[in-house]
Every structure is written in structure tokens, then in C-alpha cells.
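The sequence shown begins at 2 in the numbering used here and counts up by one.
Every residue, glycine too, gets a C-beta built ideally from N, C-alpha and C.
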Amino acid sequence: MDLRTDYLGLTLAHPLVAGASPLSDDLDGVKRLEDAGAAAIVLRSIFEEQITREQVSEHVNLDMHGESFAEAASYFPSPQTLGLGPFPYLEHLRRAKDAVRIPVMASLNGSTPGGWIEFAQLIEEAGADALELNLYHIATNPDTSGAEIERLAVETVRAVKRAVTIPVAVKLSPFHAALAHLARQFDQAGADGLVLFNRFYQPDIDVEELTAARTLHLSDSSELLLRLHWIAILSGHVRSSLAVTGGVHTAVDVVKATMTGAHVTQVVSALLAHGPQHLRTVLDDLGTWLQEHEWSSLAAMRGNMNLTKVPDPDAYERANYMLMLQSWRG
Ligand SMILES: Cc1cc2nc3c(=O)[nH]c(=O)nc-3n(C[C@H](O)[C@H](O)[C@H](O)COP(=O)(O)O)c2cc1C
2 MDLRTDYLGL TLAHPLVAGA SPLSDDLDGV KRLEDAGAAA IVLRSIFEEQ ITREQVSEHV
62 NLDMHGESFA EAASYFPSPQ TLGLGPFPYL EHLRRAKDAV RIPVMASLNG STPGGWIEFA
122 QLIEEAGADA LELNLYHIAT NPDTSGAEIE RLAVETVRAV KRAVTIPVAV KLSPFHAALA
182 HLARQFDQAG ADGLVLFNRF YQPDIDVEEL TAARTLHLSD SSELLLRLHW IAILSGHVRS
242 SLAVTGGVHT AVDVVKATMT GAHVTQVVSA LLAHGPQHLR TVLDDLGTWL QEHEWSSLAA
302 MRGNMNLTKV PDPDAYERAN YMLMLQSWRG
């Protein structure tokens, strides 16, 4: 069965990519993911704050760098809890590249244009096959408009693209007023791929301790639906490759994502829950499913459920909404 796919200009054996997670934090983990059949691996992120902290501390004591930086630095996690620092990260990337034959992608996580972006060059020099740029950002400032937030995001993508020659995928959040327009702008800024979506981690409230309770719950397949919806909308309208992250647990999840137009599906929660070998199960099930449903290749079905043939997608979405409401049967 031909499961090949092109993603960010790379030809992958199939669409199952191990997404950014602690599973690739050490070389054993990286090798286990390759052995389990991953077509490519995304390493965990190195954060803008980690890079800036390192750049700042090279020059000046943190407390002296200005009140707002010192204040912000006080609630950032300590460097020890964040995992590898910038230079150990590069070393890990180099060693991971040497250890496996599949593409290894690094992940740079930040949301504003700035000096930290230069780190992308070091990532390229360390041998990454591609870079995932995670723009996770929550717009809390009432004085900042959506247009300004989008401008900064697009400028960040442009700056990263200027810094490297390897392909760049942009991992983004679903909360934008005009996501299709923003996706088009990323496209025009040179993004090679769009990764839909960051999960919106929402702390609960510990009412006894009066603190934010941060517990990371793994996803299930229900989270896939939001991704399917937007891949179906974007597919055919952007040049960038499309990746799904969030809610991919089974072969049928991969089939659905491909039908909406995804080139790859990233898996994390399912591997954390069942171990890296779960990838092999999904891959085998995918081959069986395609055979049983008489598909000759995955490419043949890619995008067959996207919205490109819908004459008025806005009206279609309204109709969808109304039909969904009517579908309730108690
Ligand atoms: C423990 C853990 C650590 C993660 N670390 C990162 C990270 O460093 N960078 C990133 O972009 N995403 C990170 N993610 C998000 C995943 O890459 C993925 O986008 C998300 O979990 C949704 O996919 P899933 O439903 O398959 O879990 C992490 C997820 C988990 C569970």
C-alpha cells in the first residue's frame, strides 16, 4: 500500500509523525520512535524565553535588565524544569540526527519578532531537517488589536524564514478572527507548512489553595474535529503543507485527516498513553483499512472531503451549524 506523502518538501514514507513531546527527550526515545515506525520526529520546543534568558544573562544580571523583564522572569519556570537549555538542545539535536535515518525536526517556540530568532540558524547548523515554529500566544492586552497580533505573528514567521534555508512549519492556535486570511498571510510570508492546532491548555482553579491548578490531560479523538474542520477549509487555498496535531489516536483518525487535506498527522497523546509501539498499530491498521476500502494510495483520497468544491463556504458553515442544532434528538 502506498502511504507516501510530501510534507514541507520532504518525502515521507507515510503520514504518521511523532509530534513534539518528552518521548524524544533522549536518544533512546528518539530511536524507539524510529523503531516503532515514525515517518519523522519533532523534538520538544526550545522557548523564546529560554533563549532570551540565556542571551541576557550572557551580558547582564537578570535583575538589572529592567523591571518588566525581571518581573516576567519571576513567573517563568526555572531553567531546570524546562528541560534542555539552548546549547544542550542543539547538542541533542545533533546526536538525534546522527542516531536515526528519518527526518528530525526541531521546534522553536515563541510569539514575537526578536533576537531569539537568530537561534533558528543554530538549529539549521545542528542539522535539523525542518523547523516547527510554535507561535503559542494568548492575547490578553485589551489595547492590542487582532490585526496587530496577526502582524507580529506574520513578521515572526518572515524573520524565521529569513534566518534559515530549511523548511519552516508554523504551529498555531485556532483562536483567530479570520484564520483563513491569517493562513494565507503565513503562506505569503514563506511558511512551508501549517500545523493545526496547539491545544489550549486551561488551568483549573484550586479553590482551597487559591492557585491555578495545572494538570495536563491527554487528548482523545474528539479533539480531532476542530482540526478536521479547519484543514477542510484551508486545503486547496494555501500553498503550505498541512499537518494535524491534536486528537490523532487511530487509523480512522488518519484517514479523516487525509480526506480533509492533511499531508501528515502528528501523534503525541496516544504514544504517551500506549507507548511508541502504538504507532506501528496505527500504521498497520491504516494499511488494512485502505485495502478493505479499496484505496490504492493515501494520496488518492487526500482532500476529497475538503471544501474547495463548495461554492459558498460561509453559507455552508451556517447551514452546517443549523443542521447540527436540529440533529439533537434527546
Ligand atoms: C507532555 C507534553 C509535552 C509537549 N511539549 C510540546 C512542546 O515542547 N512543543 C510543542 O509544540 N508541543 C508540545 N506538546 C504538544 C504536542 O506536540 C501536541 O501538539 C498536542 O499534544 C496535541 O496532540 P495529541 O492530541 O496527539 O496529544 C506537548 C504535549 C505533551 C502532552
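Inter-residue spacing [alpha-carbon to alpha-carbon] between residue i and residue j
i: L9; j: I232; result: 16 Å
i: P150; j: E318; result: Note on residue identity: the sequence assigns Ile, not Pro, to residue 150. Their backbone Cα atoms lie some 26 Å apart in a straight line.
i: V268; j: P16; result: 10 Å
i: D130; j: P168; result: 8 Å
i: L91; j: R45; result: 12 Å
i: V265; j: K257; result: 11 Å
i: L326; j: A316; result: 16 Å
i: G86; j: T12; result: 31 Å
i: I154; j: A107; result: Looking at the sequence shown, residue 154 is not Ile but Ala. Those two C-alpha atoms are separated by around 19 Å.
i: A301; j: L123; result: 38 Å
i: A100; j: A37; result: 15 Å
i: E133; j: D205; result: 29 Å
i: K162; j: L324; result: 42 Å
i: L226; j: E210; result: 35 Å
i: L114; j: I47; result: In the sequence as displayed, the identity of residue 114 is Pro instead of Leu. Cα-Cα distance, rounded: 15 Å.
i: Q56; j: I103; result: 32 Å
i: L197; j: Q189; result: 18 Å
i: E119; j: E49; result: 11 Å
i: A320; j: K32; result: 47 Å
i: Y322; j: R95; result: 48 Å
i: Q186; j: S236; result: 15 Å
i: E35; j: S270; result: 17 Å
i: V311; j: H230; result: 14 Å
i: W296; j: P78; result: 48 Å
i: L272; j: D254; result: 14 Å
i: G67; j: S112; result: No answer about G67 holds up, because its pLDDT of 49 lies below 50 and its placement is not dependable.
Residue from the options whose Cα sits closest to the Cα of residue i
i: M306; options: A316, A274, Y322 and G262; result: G262
i: S223; options: V245, A107, V249 and A21; result: V249
i: P89; options: H138, A127, I206 and H294; result: A127
i: A39; options: E209, D193, V105 and N110; result: V105
i: Y202; options: L28, E209, S298 and A214; result: A214
i: R217; options: A274, T6 and S79; result: With the sequence shown as reference, residue 217 is identified as Leu, and Arg is not the correct amino acid for it. The candidate whose alpha carbon is nearest that of L217 is A274.
i: A19; options: F48, S328, L284 and P314; result: L284
i: L195; options: D221, V239 and T141; result: V239
i: N110; options: R95, L272 and Q51; result: Q51
i: G30; options: D313, P277, T282 and L324; result: P277
i: A244; options: R163, S174, I47 and P78; result: S174
i: M2; options: Y137, N199, Q56 and Q292; result: Q292
i: G116; options: K172, A164 and R200; result: A164
i: T141; options: F176, K162, R159 and D207; result: F176
i: S241; options: D27, K98, V171 and P78; result: V171
i: R200; options: L183, L219, A190 and L211; result: L219
i: H182; options: F198, R152, D193 and V208; result: R152
i: L4; options: F187, T289 and V43; result: T289
i: L180; options: D193, R228 and R159; result: R228
i: A252; options: H138, T282 and R303; result: T282
i: R159; options: I139, A121 and H138; result: A121
i: A41; options: L280, E125, A271 and T157; result: L280
i: G23; options: D254, A14 and G84; result: Going by the sequence as given, residue 23 is Pro instead of Gly. Cα-wise, what sits closest to P23 is G84.
i: L299; options: T309, K310, L308 and L287; result: L287
i: E125; options: H93, T166 and D144; result: T166
i: A192; options: D221, A178, T212 and E156; result: E156
Status (buried if at least 16 other CB within 10 Å, exposed otherwise) for residue i
i: D64; result: Confidence in D64 is poor, its pLDDT being 46 and thus under 50, which makes the residue's placement too unreliable to answer from.
i: R54; result: buried
i: I234; result: buried
i: G147; result: exposed
i: N135; result: buried
i: D7; result: exposed
i: M402; result: Look at the range of the chain in this structure, 2 to 331, and you will see that residue 402 is not part of it.
i: A97; result: buried
i: H294; result: exposed
i: V208; result: exposed
i: G247; result: buried
i: R330; result: exposed
Sheet register partners of residue i (DSSP bridge)
i: N307; result: None; N307 has no bridge partner.
i: D7; result: T12
i: A107; result: L132
i: V196; result: K172 and A244
i: F48; result: N110
i: L17; result: T266
i: S328; result: DSSP, once it has assigned bridges, lists no residue as partnering S328.
i: V43; result: M106
i: S298; result: D3
beta-carbon residue i near ligand 2 non-hydrogen atom, thresh 8 Å
i: T157; result: For the structure depicted, ligand 2 is absent and the ligand set comprises only ligand 1.
Short CB-CB distance (under 9 Å) between residue i and chain D
i: V268; result: No chain D appears in the structure shown, which is made up of a single protein chain.
Handout entry: 3 or more residues per run - each beta strand (DSSP E) lying fully within the segment 219-283
Key = 242-246 and 265-268
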